[in-house]
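Chemist:
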Amino acid sequence: MAIKEYVGAVVLEVDGREVECSSFSVTENTGRQPVKTMNRSRRIAGYSTGVATFEISASVPIPVDGEELDWFNAFDVKMVIYPISGNGKRTAYTGCVVQEVSPAYESEGEAKRDIKLFAVDRVEE
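Each number in the working numbering corresponds to the 1-based position in the sequence shown with 944 added.
1. By alpha-carbon positions, which one of 946, 1061 and 1047 ends up nearest to residue 1072?
2. Comparing alpha-carbon positions, which option in 1014, 1011, 1018 and 992 lies nearest residue 1039?
3. For the 8 Å Cβ check, are there 3 or more pairs between the region 991-1007 and the region 965-978?
4. Is residue 1060 buried or exposed, if buried means 16 or more other CB atoms sit within 10 Å of its CB?
5. Can you give, in chain order, each stretch of the beta strand (DSSP E) that sits fully within the region 988-1046 and has at least 3 residues?
6. On a CA-only basis, which of 1034, 1045 and 989 is nearest residue 1016? Give me that one, please.
7. What is the C-beta distance between residue 1035 and residue 1011, in whole angstroms, given that I count them as a contact (C-beta under 8 Å)?
8. So the candidates are 950, 992 and 1053; which of them puts its Cα closest to the Cα of residue 978?
9. Tell me where the beta strand (DSSP E) around residue 1064 begins and ends.
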């Protein structure tokens, strides 16, 4: 049996510019919801289709020289993640809009900004 390679660390690009990132996570919601009805079986009758949503959370270190994106005013940006190895798929999130920017400082470790965004669409490239 051959050994498989799995995705490890990823690279984050924002509008074509590589951005240092310590964590990146996406919550993709299909928008489907159960349809609950009153019936003898006491089970759902089926589902309804709603609007799919893409919620993104990222943590980026704060550089000392101030050379970083203006996260607070980021609007309609394209975020792309892909494996560092170069193998594997590129996933793009388009129409990204920042909702929250939270700087965090600790006595140990780096200062960082926790960023929450939503995206309009996800595209496999």
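Glycine residues also receive a C-beta, built at the ideal position from the N, C-alpha and C atoms.
Modeler: Checking against the coordinates, here is how it stands:
1. Because residue 1072 is not part of the residues shown, which for the chain are 945 to 1069, the question remains open.
2. 1018
3. yes
4. exposed
5. 990-992, 997-1005 and 1019-1027
6. 1045
7. The pair is not a contact, with the Cβ atoms about 26 Å apart (cut-off 8 Å).
8. 992
9. Neither: residue 1064 is in no beta strand (DSSP E) and is coded neither H nor E.
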